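I have placed the structure first, in the form of structure tokens, so that the comments after it can refer back to it.
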Amino acid sequence: MLAGALALAAADQTIVGAVAPDLKVQLGVDNTRIGLLVTVTYLVAAVGTIPFGILADRTNRVRLLALCALEWSASITLAGFADSYSMLLVAQLALGAGVGAAAPLVASLAGDTFPPALRGRALSFILAGEFAGAASGLLIAGEIAAFAPWRFSFWALAAVGPLFAITLVMLLAEPARGAQVASGTPAATAAPDSPSTGETSYPDTPHETKQTHHSLAASIQAAGIQPRARLVLHEDPTGKPLLWAIRYVLAVPTNVVIIVSSALCYFYVAGVQTFAIIYIRGRFDASQQLATALLVFIGIGVIVGMLVTGHLSDRLIARGHLAARVSVGAVCFVVAIAAFAPGFTVTSLALALPLLFIGAAGLGGLNPPLDAARLDVVHFRLWGRAESVRAMCQNLIRASAPLIFGWLSVILSSPDEVHDATQGGGGIGLGRAFLVLLGLFAVAAAVLTFARRAYLRDVATATASEQV
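Shown next, in the form of structure tokens:
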């Protein structure tokens with residue numbers, strides 16, 4: 224059900240990209256204005272995620288998620304009735320108001336449902352739902368647009384929301400908060416800050432406990448990794464003011480690194496996702512049906528990457544590679560660069576397709592380990608607000624992606640291509656934009672590589688705080 228919630232939110236956000244060629248022709252707009260439709264959704268979602276993060280820490284999350292699913296459906300129903308670009312823009316604003324709830328609510332529910340040792344694998348399935356939803360949305364909306372007016376693409380996906388909301392409330396129980404915090408780990412003793420130490424120490428752990436307790440927190444304690452004394456909490460943070468919570472989660476170094484790296488990933492995905500159909504049709508002279516099918520195939524690569532890295536990071540941690548979640552994320556960025564760089568250069572579809580599949584697997588594989596790491600480094604009573612801060616920053620950054628990708632594709636295109644409405648136009652310029660912005664991944668990989676030590680200390684800090 225958690226995977227389904229992300230799938231529904233993602234599917235609703237992909238409809239514009241799926242029907243973009245038709246919108247360009249019927250509404251007389253270019254890539255920049257198509258990008259703006261997606262950008263405003265992310266901007267509103269960024270603003271909305273903060274209040275939903277507060278509610279995620281204090282209210283019934285399952286019921287709230289169901290209500291938001293109904294709102295998503297209402298907004299895309301309105302989009303189907305749009306008779307102008309302005310009305311479609313308003314509908315996208317309404318969509319953003321609801322989808323901002325998905326990230327903090329799902330993250331908080333996942334943290335209270337799955338134990339730390341299994342979070343990588345669990346989140347790989349949950350996050351696979353997000354990309355499966357995006358792929359399904361593109362497939363359904365794209366195929367409908369191939370033989371019916373684009374409006375029917377919005378209405379078809381709108382019908383799913385009420386069914387999902389009812390099923391969610393019937394099948395998913397609200398989990399107890401903190402239910403999956405590792406038990407049996409030695410309590411941490413916070414030492415007062417002092418110029419001489421500035422650390423927090425743990426009581427000695429028996430050798431047998433170190434050998435038999437397989438939680439990440441216990442392994443880090445056994446390795447002698449000390450928490451950051453200034454960030455150890457000595458009281459329940461549930462009632463803390465929002466500004467305090469924001470300052471605290473942004474004071475956790477690993478959290479900031481993950482926010483930046485995952486935001487760069489989603490920035491790129493948002494841009495590619497918006498213009499993928501236009502790119503494939505223009506670059507390889509493909510039909511709408513073929514372009515949609517190829518995009519779904521590439522999307523399967525994203526899901527494959529997720530399922531592999533979530534399990535892999537958990538296995539590596541169990542074998543003593545405690546910073547595996549961060550390290551695997553860095554490797555995924557490198558894989559994406561190595562595959563996408565030639566993939567967006569070659570002109571043969573037969574050569575490009577496997578490369579784009581591998582690059583998509585690298586991007587997909589990034590998310591489960593990093594999402595699990597975010598839960599590792601924050602007190603469970605702050606999961607909702609911490610995720611809302613991450614989602615807000617992520618949405619603010621990726622909100623600009625469709626606009627930037629669209630604008631850059633126009634700048635890098637020849638005048639004839641910009642005004643060519645056949646096959647969506649802009650394929651060559653989009654390929655160049657994809658290549659230029661790929662350089663962001665090198666920055667993200669480097670940042671994650673240097674964050675491994677900080678991650679271990681931040682896990683120790685969260686563990687110490689949860690002993691209170």
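Count along the sequence shown starting at 1, add 223, and that's the number in the working numbering. Don't be surprised by glycine CBs; every beta carbon is placed ideally from N, CA and C. Quantities reported herein were computed from a predicted structural model and do not represent experimental measurements.
Name the two residues that bound the continuous alpha helix (DSSP H) containing residue i.
i, result
"Gly401", "From DSSP, Gly401 is part of no alpha helix (DSSP H); its letter is neither H nor E."
"Arg453", "First-last for Arg453: undefined, no H or E at that position."
"Ala345", "342 to 370"
"Leu658", "650 to 660"
"Gly384", "383 to 394"
"Ala330", "325 to 336"
"Ser688", "675 to 689"
Report the three-state DSSP secondary structure of residue i (helix, strand or coil).
i, result
"Val242", "coil"
"Phe375", "helix"
"Gln449", "coil"
"Arg613", "helix"
"Ala305", "coil"
"Arg281", "coil"
"Ala228", "helix"
"Arg621", "helix"
"Pro274", "helix"
"Pro460", "coil"
"Gly543", "coil"
"His436", "Because the pLDDT of His436 is 33, which lies under 50, any placement of that residue in the model is unreliable, and the number read from its coordinates should be weighed accordingly. Here His436 sits in coil by DSSP."
"Ser632", "helix"
"Thr428", "Unreliable positioning characterises Thr428 in this predicted model, as indicated by a pLDDT of 37, which lies under 50. The coordinate reading is nonetheless provided below. If DSSP states are grouped into helix, strand and coil, Thr428 belongs with coil."
"Glu422", "Reliability of the predicted coordinates at Glu422 is poor, the pLDDT of 38 falling under 50, and the value obtained from them is presented with this limitation in mind. Three-state DSSP puts Glu422 in a strand."
Skipping 5 residues on each side, what residues in its chain have a beta carbon closer than 7 Å to that of residue i?
i, result
"Arg675", "Ala546, Val549, Ser550"
"Thr477", "Ala596, Val600, Ala674, Ala677, Tyr678, Asp681"
"Val252", "Leu246, Tyr308"
"Gly365", "Ala241, Ile500, Gln511, Thr515"
"Gln496", "Thr237, Gly240, Ala357"
"Leu572", "Phe507"
"Gly421", "Here the model assigns Gly421 a pLDDT of 36, short of 50, so the residue's position is not dependable, and the following value carries that caveat. If we look at Gly421 and ignore the five residues flanking it on each side, its Cβ neighbours are Ala452."
In chain order, what residues of the same chain lie with their CB nearer than 8 Å to the CB of residue i, ignoring the 5 residues before and after it?
i, result
"Thr300", "Phe377, Trp378, Ala381"
"Gln249", "Trp373"
"Thr255", "Leu626, Gly629, Trp630, Val633"
"Leu231", "Ala292, Trp295, Gly356, Val383, Gly384, Phe387"
"Ile238", "Ile299, Ala302, Gly360, Ala364, Ser376, Phe377, Leu380"
"Asn283", "Glu397"
Considering only heavy atoms of the ligand SAH, does any lie closer than 8 Å to the CB of residue i?
i, result
"Ile482", "What this structure holds is no ligand at all, so the ligand SAH is not there to describe."
Apart from the five residues just before and just after residue i, which ones in its own chain have a Cβ nearer than 6 Å to its Cβ?
i, result
"Ala559", "Gly582, Gly585, Leu586, Phe664"
"Ala269", "Met615, Asn618, Leu619"
"Asn590", "Leu350"
"Leu593", "Ile481, Ser485, Gly552"
"Phe520", "none"
"Phe556", "Phe664, Ala667, Ala668"
"Arg613", "Ile482"
"Ala369", "Gln511, Gln512"
Those runs of the alpha helix (DSSP H) which lie wholly inside the stretch 549 to 611 and span at least 4 residues: 572 to 599
Uninterrupted alpha helix (DSSP H) stretches inside the stretch 462 to 525 (no shorter than 4 residues): 465 to 474, 476 to 507
Secondary structure, alpha helix (DSSP H): runs of 4+ residues fully inside the stretch 242 to 272: 243 to 250
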